[in-house]
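K.L.:
In the numbering used here, the protein residues as written are 2 to 224.
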C-alpha cells in the first residue's frame, strides 16, 4: 500500500487513507469483510487450479488489506502469479505459453466460482436432514485451536474451514472443526485441518457433550 505515497494528491484520491495508520488499515479490512467468504472461495478455486493443473508452488490463500481492493463492492482477489526476479518463474511468466496457461487458469477458477454461486442461488429447494449423533451421542471433532480470546466462527478466522464449533471452560475457548461418529472420517478431517495450517490439530471425543478420552471412545463405540 505504501506505493500510493508516490502518487500526487494520494490523500484526496484515496479518501485520506494512510498506509502507516493502524486505523486506516483496520477500516479497510472491515470494508472487505462483507464479501470476504466469497473472495476466499474464488481465491481457493483459482489457487487449486494453479497447483493441480499447472503444478505451480502452493503459496496458499492469504487475507490482507490492500488499497486496490478497497472499493470493489463484490468478491475480489489480488493474484500473485509468481516472481519475475526468479529465473525459472520469470522465464515461464514471460513466455507466451506461460501467460496463456496462467490466464486460462484464472478464467477457469472464475467460471467454477460462478457455477457454484449459480447452484447456491438458483438450485431447486430441497429438504436437508441433519444426521443426529448415534444412540449414545458419541461423536468426534477436530480441535484446531484454543485461547483466551473468542473468535467468531467465520471461515476466514480459521484458514477457510467451515463446520466450526467451540467450547468454553473458564476463560479458555477451544475451537473445533467438523463433527462425526466415524473415526475414519475424523482422520480425513484431521488431515485436512493440518493441510491448511493447523499443524497441532487433534481428534477429540465427546459423549453426551462431555469431553472423553479416545480410549473411552473406542470402548463405548465397541459396545
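Even for Gly, the Cβ is constructed at its ideal location relative to N, Cα and C.
Only a predicted model underlies this, so the values are computations on that prediction, with no experimental measurement involved.
#1: Mind the definition here: the region 191 to 211 touches the region 145 to 159 only if three or more C-beta pairs lie below 8 Å; say whether that holds.
#2: By the 10 Å Cβ neighbour count, where 16 or more other Cβ atoms means buried, how is residue 40 classified, buried or exposed?
#3: Among 151, 186, 214, 44, whose alpha-carbon lies nearest the alpha-carbon of residue 176?
#4: Taking residue 157 and residue 37 to be in contact with their CB atoms under 8 Å, please state how far apart those CB atoms are, rounded to whole angstroms.
#5: Going by alpha carbons, who is nearest to residue 169 out of 138, 180, 139, 212?
#6: Which of the three DSSP states is assigned to residue 135 in this structure?
#7: Please determine, among 62, 75, 90, 222, the residue with the shortest C-alpha to C-alpha distance to residue 159.
#8: Closer than 8 Å by C-beta to residue 90: which residues in its own chain qualify, once you throw out the five before and the five after it? Chain order, please.
#9: What is the rounded straight-line gap between the Cα of residue 191 and the Cα of residue 58?
#10: Starting from residue 170, follow its DSSP beta bridges and name the residues at the other end.
P.N.:
The short version:
#1: yes
#2: By 1-based counting over the chain shown, the position of residue 40 is 39. Answer is buried; the Cβ neighbour count reaches 16.
#3: Stepping through the chain shown from its first residue, residue 176 is reached at position 175. Closest by alpha carbon: 151.
#4: To locate residue 157, count along the chain shown from 1; it is residue 156. To locate residue 37, count along the chain shown from 1; it is residue 36. Sure, about 5 Å apart at Cβ, within 8 Å.
#5: The residue you call residue 169 lines up with position 168 of the chain shown. Among 138, 180, 139, 212, the Cα nearest to that of residue 169 belongs to 212.
#6: For this step, residue 135 is matched to residue 134 along the chain shown. Only weak support exists for where residue 135 lies, its pLDDT of 40 falling under 50; the value from the coordinates is given anyway. Three-state result, residue 135: coil.
#7: For this step, residue 159 is matched to residue 158 along the chain shown. Ranking 62, 75, 90, 222 by Cα distance to residue 159 puts 62 first.
#8: The count along the chain shown starts at 1 and reaches residue 90 at position 89. Here the set comprises 83, 84.
#9: Working through the chain shown from its first residue, we reach residue 191 at position 190. Working through the chain shown from its first residue, we reach residue 58 at position 57. About 23 Å.
#10: As a working note, residue 170 is residue 169 in the chain shown. Beta-bridge pairing links residue 170 to 173.
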